[in-house]
Structure formats: C-alpha cells, structure tokens
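Here the structure is laid out as structure tokens; the discussion comes afterwards.
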Amino acid sequence: MKIVEARVIVTCPGRNFVTLKIVCDDGTTGVGDATLNGRELAVAAYLREHVVPALIGRDPARIEDTWQYLYKGSYWRRGPVTMTAIAAVDTALWDIKGKVAGLPVYQLLGGRSRSGVLVYGHASGPDVESVLSSVASYVSRGYRAVRVQAVVPGISDIYGVSAGPLYEPATAGVADEAVWSTPHYLAHIPAVFAAVRAEFGPTLQLLHDVHHRLTPLEAGRLGKALEPYALTWMEDPTPAELQDAFRVIRQHTTTPLAVGEVFNTIWDCTQLIQERLIDYIRTTVVHAGGITHLRRIFDLAALYQVRSGSHGATDLSPVCLSAALHLDLAIPNFGLQEYMPHTAETDAVFPHGYRFADGMLHPAEEPGLGVDIDEELAAAYPYRPAALPVNRLTDGTLHDW
Ligand code: CS2
Ligand code: MG
Numbered sequence: 001m002k003i004v005e006a007r008v009i010v011t012c013p014g015r016n017f018v019t020l021k022i023v024c025d026d027g028t029t030g031v032g033d034a035t036l037n038g039r040e041l042a043v044a045a046y047l048r049e050h051v052v053p054a055l056i057g058r059d060p061a062r063i064e065d066t067w068q069y070l071y072k073g074s075y076w077r078r079g080p081v082t083m084t085a086i087a088a089v090d091t092a093l094w095d096i097k098g099k100v101a102g103l104p105v106y107q108l109l110g111g112r113s114r115s116g117v118l119v120y121g122h123a124s125g126p127d128v129e130s131v132l133s134s135v136a137s138y139v140s141r142g143y144r145a146v147r148v149q150a151v152v153p154g155i156s157d158i159y160g161v162s163a164g165p166l167y168e169p170a171t172a173g174v175a176d177e178a179v180w181s182t183p184h185y186l187a188h189i190p191a192v193f194a195a196v197r198a199e200f201g202p203t204l205q206l207l208h209d210v211h212h213r214l215t216p217l218e219a220g221r222l223g224k225a226l227e228p229y230a231l232t233w234m235e236d237p238t239p240a241e242l243q244d245a246f247r248v249i250r251q252h253t254t255t256p257l258a259v260g261e262v263f264n265t266i267w268d269c270t271q272l273i274q275e276r277l278i279d280y281i282r283t284t285v286v287h288a289g290g291i292t293h294l295r296r297i298f299d300l301a302a303l304y305q306v307r308s309g310s311h312g313a314t315d316l317s318p319v320c321l322s323a324a325l326h327l328d329l330a331i332p333n334f335g336l337q338e339y340m341p342h343t344a345e346t347d348a349v350f351p352h353g354y355r356f357a358d359g360m361l362h363p364a365e366e367p368g369l370g371v372d373i374d375e376e377l378a379a380a381y382p383y384r385p386a387a388l389p390v391n392r393l394t395d396g397t398l399h400d401w
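This is how it looks when you write it as structure tokens:
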C-alpha cells in the first residue's frame, strides 16, 4: 500500500478545525485532528508545505518510522505547531491501520482494559445557587465527575464560566481582554466547593481548573483550603515551564494535581512524572504527537502511578476525541477524560460512532477510529479568524491565561 494523497481541510462549523485526510492507493482513508486553537493556519501551512509532500509514496503501515521521520527529520524539534502536525499524520495512520486490520484501534493498542471511558463535564454559574443547579444537571444526566468553575465576586468575566450551554473561549477577530484578581479568587473558591460537597455528598468526583493563574505558593494555599472537599484534581495551578515549581505546591497540599493540556512532548513532563509531582497527566492526542507519542507519555506515567486525564475541550475535534477514547480504553493507567459535547454543526461535519452512556464514553466498534469528515459539508463553513483571550491584572499588567 502507498499513500497517494493527503488533504488539509480547514472548516469552521461554529469554531475552527483543521483535519488531515490521508488517502491510499487502494482507496483506504484515515483522518487526524490538526487543530491548534487560535493558531490553526500555522499548522495547516506546516502540513501543506512541509509534511504532505513527504507523505506521498510512503507505506501507511509504517507508523513508527513515519513518526520518527517527521520528528527527527525536521531537525527543529518539539513545539505545538510541529507536534500537532505530526499528531495529525500519526492519528490518520492508526485509523488506516485499523481499517486494514478490520479492527477498532483500541484492539491494536492491546485491547480493552475497562468497560468504558469515565468522563467529566463542566459545571459553572454566576453565583453559588446556579453552580449547584449546573452540577445537578450533570448528575441527572449520569455524570459521575464534574469540573466546577464559578464567577468570583469582584471579577466580572472569569475563565471557564459559560454564558450559554456551550463554553467557547476563542472569540472572532483579535483577542478579548479579561481582568484577574488573585485575592478575590482565593477568597471565594473554597466556599463554592464547600457548598457543592455539602449538596452532593462525598462520592461525586469534583475537579477545578486554575488555568495557570497562581504562583506555586498561592496554589499550595488553595490546595490546602480545598482539602476538606476531596477534589479529584486541581488543574494547571501554575504555569509549568519550570516543572520543579510543582515541588512547592506538593510540599503544602495533598489535593491531587493535574497538568499538561499545553504540553507537546514527553520531555515537558519527565520531571513532573518521575518525581511524582503530579497525579494526572492531561496531554492529548492532537497536541502531543498523536497516539504513538501519547502512549509513550502514558507508559512512563504508569511506572510512577500517574494516571491519564486528557484534555477534551471543544477545540479538540471529534477526530481527536475518537482517538483519545481508543487510547483511554486500552491503557492500564487511565484516570479521567474531559468531555465537552460539540455543537450539532460540528457533529454533522465529523460523523462519528462514539456514544455517551452512564457517565462514560464508548468508542465506535467499527474498524479504525470510527470517525470521518464530511468534506462537502466542511466546505460550507469557511475559516473565520478567532483568538483566545489575554488576561490582565487589575492594574493592567499582563497575566497568565
Ligand atoms: C481548558 C480549555 O478544557 C480545559 O481544561 O483549559 O478550555 C482551554 O482553555 C482551551 O482548550 C484552550 O484552547
Ligand atoms: Mg484546562
């Protein structure tokens, strides 16, 4: 078999997605997600200009060799654009291998390790009462794990609180500006979790995303304040360019820590994993080099009792989610999978067979990943520039977002 074509498809059914579709000489196709929120066209150009020409004529069965070729062969290693492009190729090749074998991809990864993939949903609200009813709506739909974000008195526009049923941080055109105050935030969040825990009892899994906004010491203080409410994890407490920052947090709290949605390679988390500075690694198929490289990260993590908790926001397309579910089902150290349902328009552009039942997602049983892109429909939604917000302190200083 040979690869004869690879198409880079950019579409915006409500938000932008980049998809790679690889076509083989016998007509077999495979898809890979290549979406990098707010930087979509950089990955599209990287694929079109530098990767697709190198794919033509290659044997699609050689997944590992192609990964090494694209990683080592470019000389310029790592980085979100490169690793997202490699991920798209890798994911599409796993899809093809599954179709050729006549098996769902999870079977090629060692088979099922569990009955389904436990997911968490996103509850939020403008005040504690509405947060409680948002959590209740997830519980009534069968969710067993819920991430809780809340508006903080004194901060009008806060990360993770949706205005409507769908949360979408990227906005049309140039970046929005948000305002942040750490003292207001630290004063409010423990009370929100006290109310949620009191209402829903001890066994509902609760999570919180700090979105990189605290110093290590502030994060230690928040983690300690949240200990009575037994969170499953506190996410991205501080930026992680310096992995040893997590030592400080660890010294101060037993609240479990999760990090990794902006990581691209295993080298971004070796220290975090090997020193057991985190409990969950949240890297994804699309941003960390595809199924091949993410498997490598999860295997390292398994040695240190660190579990997976892959990012699954709506900017990761149904192609990424499908691939994530196959890996989640197979690995021994699965923890949780984030799940934010896509819009009806997005679901129509990416026909897929995964389904939600009893708080879990279940991948399609058909050969490959069980997801595709309807290219005709995709063409009806042209690309629209959109950007993630920036964040400033009350005095105007640019802060982490
Ligand atoms: C978030 C995301 O889902 C999460 O945990 O951190 O909403 C994130 O902000 C976006 O995916 C950025 O593209
Ligand atoms: Mg997050």
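Just so we're aligned, residue 1 is where the sequence shown starts under full-length UniProt numbering, counting upward by one. All C-beta atoms, glycine included, are put in the ideal place defined by N, C-alpha and C.
Check	Outcome
Identity of the residues DSSP links to Thr29 by a beta bridge	Val23
According to DSSP, residues forming a beta bridge with Pro104	Gly368
C-beta contact flag for Gly27 and Leu361 at 8 angstroms	no
Length-filtered (4 minimum) alpha helix (DSSP H) runs lying within the region 15 to 93	40 to 45, 52 to 55 and 63 to 73
Sub-8 angstroms separation of Trp233 and Leu217 beta-carbons	no
Proximal residues to Lys224 (C-beta, below 7 angstroms), its chain only, five neighbours per side dropped	His252 and Thr253
Leu41 and Val31 closer than 8 angstroms at C-beta	no
Cβ-based burial, Leu242 [other Cβ within 10 Å; buried from 16]	exposed
Contiguous alpha helix (DSSP H) assignments of at least 4 residues, all confined to the region 209 to 241	216 to 226
Nearest candidate by alpha-carbon position, reference Val306, set Ile3, Leu257 and Val10	Leu257
For Trp401, three-class secondary structure by DSSP	coil
Nonlocal neighbours in the same chain, by C-beta distance under 8 angstroms from Ala348, ignoring five residues either side	Pro13, Asp374 and Leu377
Alpha carbon of Val319 to alpha carbon of Asp33, nearest angstrom	6 angstroms
Nearest residue (CA-CA) to Glu275, options Gly220, Tyr304 and Val285	Tyr304
Distance cut-off 7 angstroms: Ala324 Cβ against heavy atoms of the ligand CS2	no
Thr171 versus Thr11 - alpha carbon distance	16 angstroms
Rounded straight-line distance, which links the Cα of Leu70 to that of Pro183	46 angstroms
Paired residues, beta bridge with Gln149 - DSSP	Ser124
4-residue-minimum alpha helix (DSSP H) runs that sit fully inside the region 242 to 308, ordered along the chain	245 to 252, 270 to 274 and 290 to 303
Those runs of the alpha helix (DSSP H) which lie wholly inside the region 346 to 396 and span at least 4 residues	375 to 379
Contacting residues, own chain, Cβ-Cβ under 7 angstroms from His311 (five flanking each side not counted)	Glu261, Arg282, Thr284 and Glu338
Environment of Arg15 [buried if 16+ CB atoms lie within 10 Å]	buried
Cβ-based burial, Ile86 [other Cβ within 10 Å; buried from 16]	buried
The ligand CS2 heavy atom lying under 7 angstroms from the CB of Asn37	yes
Whole-number beta carbon distance between Ser322 and Gly370, since they are thought to touch under 8 angstroms	6 angstroms
Option in Ile155, Trp267, Thr346 and Tyr280 with minimal Cα separation from Val18	Thr346
Same chain, Cβ closer than 7 angstroms to Tyr106, five either side skipped, listed in chain order	Arg112, His326, Leu329, Ala330 and Pro363
heavy atom of the ligand CS2 below 7 angstroms from Glu40 C-beta	no
Alpha helix (DSSP H) runs contained entirely in the region 144 to 204, provided each spans 4 or more residues	182 to 200
Contacting residues, own chain, Cβ-Cβ under 8 angstroms from His399 (five flanking each side not counted)	Trp180, Arg213, Asn391, Arg392 and Leu393
Own chain residues within Cβ distance below 7 angstroms of Thr84, not counting five before or after	Ala34, Leu36, Val43, Val286 and His287
Assigned exposure category for Arg114 - 16 Cβ within 10 Å defines buried	exposed
Opening and closing residue of the alpha helix (DSSP H) in which Ala330 lies	Pro318 to Ala330
His188 CB to nearest heavy atom of the ligand MG below 7 angstroms	no
Leu103 CB to nearest heavy atom of the ligand CS2 below 7 angstroms	no
Beta-carbon proximity list for Thr292, same chain, < 7 angstroms, skipping 5 on both sides	Ile63, Glu64, Trp67 and Asp90
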